[in-house]
Amino acid sequence: SDWTAKDIPKNLDKLRPSLQVMHKEVLGKKAMSAAKATMATEKYEQCNVIKTVGEFSVALKHLVTHELREAHALRVKLYVEDSFEVA
C-alpha cells in the first residue's frame with residue numbers, strides 16, 4: 001500500500017503543495033468576503049439609535065435630516081466615541 005509507515009513522509013511531501021494552494025484560495029475568498037462586507041457598511045448614513053422597536057429592530061434618527069426610520073439591528077453600524085461619552 002502507498003500509506004505504509006515508510007511511505008508516509010514521502011506521500012505527505014507530495015500532498016503539501018496542493019494543500020498550500022487550497023489554503024491560499026480559501027484565504028483569498030475570505031479576504032474578498034471581508035472587503036465586500038466593509039464596502040456594504042460604508043454606504044450607511046450617520047444615525048442615532050432612538051429606541052428598540054422589537055426584538056431585532058431599532059428606531060434611527062438621521063443626524064442631519066432628523067428623519068426617523070426603522071432598521072434591523074444587524075444593519076446598524078455602532079460607533080462609540082469615548083471622549084464624548086456617547087454611543
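In full-length UniProt numbering, the protein residues as written are 1 to 87. Where a beta carbon is used, it is the ideal one built from N, C-alpha and C, also for glycine.
Report the residue ranges of all beta strand (DSSP E) runs contained in full by the region 4-76; include only those spanning at least 3 residues, in chain order. 47-52, 57-62 and 68-72
Looking at C-alpha atoms only, which residue of 66, 62, 64 and 70 is the closest neighbour of residue 54? Start at 1 with the first residue of the sequence shown, and residue 54 comes out as number 54. It is 70.
Starting from the C-beta of residue 105, find all residues in its chain whose C-beta is less than 6 Å away, skip the five residues before and the five after it, and write them out in chain order. Here the chain has residues from 1 to 87 only, and residue 105 is not among them.
Alpha-carbon to alpha-carbon, residue 24 and residue 13: The residue given as residue 13 occupies position 13 in the sequence shown. The residue given as residue 24 occupies position 24 in the sequence shown. Straight-line Cα distance between these residues: approximately 18 Å.
How would you label residue 19, buried or exposed, when you count the other beta carbons within 10 angstroms and need 16 or more for buried? Translated into the one-based positions of the sequence shown, residue 19 becomes position 19. Classification of residue 19: exposed, given that the 10 Å Cβ count is below 16.
What separation, rounded to the nearest whole angstrom, lies between the Cα atoms of residue 76 and residue 22? To locate residue 76, count along the sequence shown from 1; it is residue 76. To locate residue 22, count along the sequence shown from 1; it is residue 22. In a straight line, the C-alpha of residue 76 is about 35 Å away from that of residue 22.
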